[in-house]
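Colleague:
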Amino acid sequence: MQTITLLVACVLIAAVSCLQWTTKAPMIFKRSDMLAVTINGRLYVAGGCTRDQSTTGGNCAATNTLEYYTPSSNTWTQGASMTVPRFRHVAINQGNNMWVIGGRDASDNLIYSSEYYNTQTNTWTTGPSLPADTATSDGYAYNIGNIIYIAGGYSQNYNVSASVLSLDTSAATPAWTLTNIKLATPRGDLGATVIKGNVYVYGGFSFDFTQPLKTVEVLRNGSNQFTAVPNMSTARGDAAEAAVGDRLYVIGGETIEDGTDGHNHTLTIAQVESFDTTTNTWRSEPNIPDSRMRYGGNAIGNTIYVVGGQRRNTISETSFVVENTVFALDTSSASSAQAATISLLAIIVCLILNF
Ligand SMILES: *[C@@H]1O[C@H](CO)[C@@H](O)[C@H](O)[C@H]1NC(C)=O
Ligand SMILES: *[C@@H]1O[C@H](CO)[C@@H](O)[C@H](O)[C@H]1NC(C)=O
Ligand SMILES: *[C@@H]1O[C@H](CO)[C@@H](O)[C@H](O)[C@H]1NC(C)=O
Ligand SMILES: *[C@@H]1O[C@H](CO)[C@@H](O)[C@H](O)[C@H]1NC(C)=O
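When you read off a place in the sequence shown, starting at 1, and then add 3, the result is the number in this note's numbering.
(1) Helix, strand or coil for D279, going by three-state DSSP, please let me know.
(2) Confirm the yes/no value for this check: CB of A138, any heavy atom of ligand 1, distance under 7 Å.
(3) Is K27 near ligand 5 - that is, is its Cβ less than 7 Å away from at least one heavy atom of it?
(4) Please tell me whether I147 and V197 are closer than 8 Å, where the distance is taken between their beta carbons.
(5) Would you mind stating whether I307 and T334 have Cβ atoms separated by less than 8 Å?
(6) With distances taken from CA atoms, which of T122, N125, L186, D171 is nearest G142?
(7) Under three-state DSSP, which class holds S226?
(8) In the DSSP assignment, the beta strand (DSSP E) including N96 goes from what residue to what residue?
(9) So, helix, strand or coil for N149, using DSSP?
(10) Less than 8 Å between C-beta atoms, sequence neighbours within five positions excluded: which residues of the same chain meet that for E220?
(11) Who are the Cβ neighbours of N201 in its own chain at under 6 Å, not counting the five residues just before and after it?
(12) For ligand 1, enumerate in chain order all residues having a CB closer than 6 Å to any of its heavy atoms.
(13) On the criterion of 16 or more Cβ atoms from any shown chain inside 10 Å, does S277 qualify as buried, or is it exposed?
(14) Can you tell me whether L22 is helix, strand or coil according to DSSP?
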């Protein structure tokens, strides 16, 4: 009896001390190919694809719906819909507003329009359109002060872009401008984030869609040239991301597997790794509970949320299944390395006590 009690205690200690992803309330709508934006302690998502997609292409039903997550009640609430259904757009916060820019329509044509959602008034306002010659889908937006930037992405015909566009939202008449900054590697399906004024860009695809990138580049505050920093350990596109303190988390995403059937296949991955921007080092983090790509992630305080996306774990699955799942990781609990050590110690102590 005592042994059993001790064993149960051992297992509990080991389980609790491990940093783990948990599952939260699902979104109201299944969606992929959209991003998630944190504003005033809530997570906002708008647009995306709502239909499972055949692995042989096409078949996306673009949505215009918006919903937001409130952590304290673990609930999703639907807000006013965008005027334009879109997917593969960028989304970014500016004060109380969530901007959504560009993307594609259900016929896979580029969308040039932008609009922003005021989280206080639950209303959308039309913003300036992207210039037709430099517009992309599948880029990634970041902001510095009042300025929104869009890095990389794909042209109408899926040529890869190295461009960085900017929009000063505080200007009397805001307009998109092509900056003189270029990514070192042109890429789409990338991620980008700003930590302490430095812009980190990672992953995605360049001209070869059979080879996801593991390269990472940084635009240091005040510089106009991206330079290389250490690579991720897992090459990937379409990952979700979150920044917590000095650390950038890259979560899940898309990989390509060279199948024994003579074809390359798009698969999803569950691996998570984080980059410490003070030491320029990557470390691995606990996997998400199920693999995902083409989805959104962001942090609220120390907790990271990743929402929706598509899933295809093995080549035998013939579609990319759209999900409404929400996974969360509280990064303020022990780090994964600490957790592993604590678990091991707990198990050893328990085993000793048992004898
Ligand atoms: C594709 O984009 C690259 C720059 O990212 C450019 O050098 C090249 O000319 C473009 N190709 C086509 C066919 O437009
Ligand atoms: C970036 O550099 C500018 C000019 O030197 C400085 O004012 C600003 O505080 C820096 N930003 C960050 C986040 O360090
Ligand atoms: C990153 O990987 C690429 C190949 O994918 C390699 O050419 C490059 O040297 C690596 N960069 C660093 C900083 O390790
Ligand atoms: C799959 O991708 C690999 C890596 O780029 C390439 O060597 C191979 O030829 C591709 N296979 C097919 C069938 O396209």
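Built from N, CA and C at the ideal position, the CB exists for glycine as well.
Modeller: Working from what's here:
(1) DSSP places D279 in strand when its eight states are reduced to three.
(2) no
(3) For ligand 5, the structure offers nothing, since it holds only ligand 1, ligand 2, ligand 3 and ligand 4.
(4) yes
(5) yes
(6) L186
(7) coil
(8) 93-97
(9) N149: coil per DSSP, three-state reduction.
(10) L186, A187, T188, Y203, V204, Y205, F229, T230, A231, V232
(11) V221, R223, N224
(12) N162, V163, S164, A165, P189
(13) The residue in question, S277, is buried, as its Cβ has 16 or more Cβ neighbours within 10 Å.
(14) Residue state, collapsed to three classes: coil.
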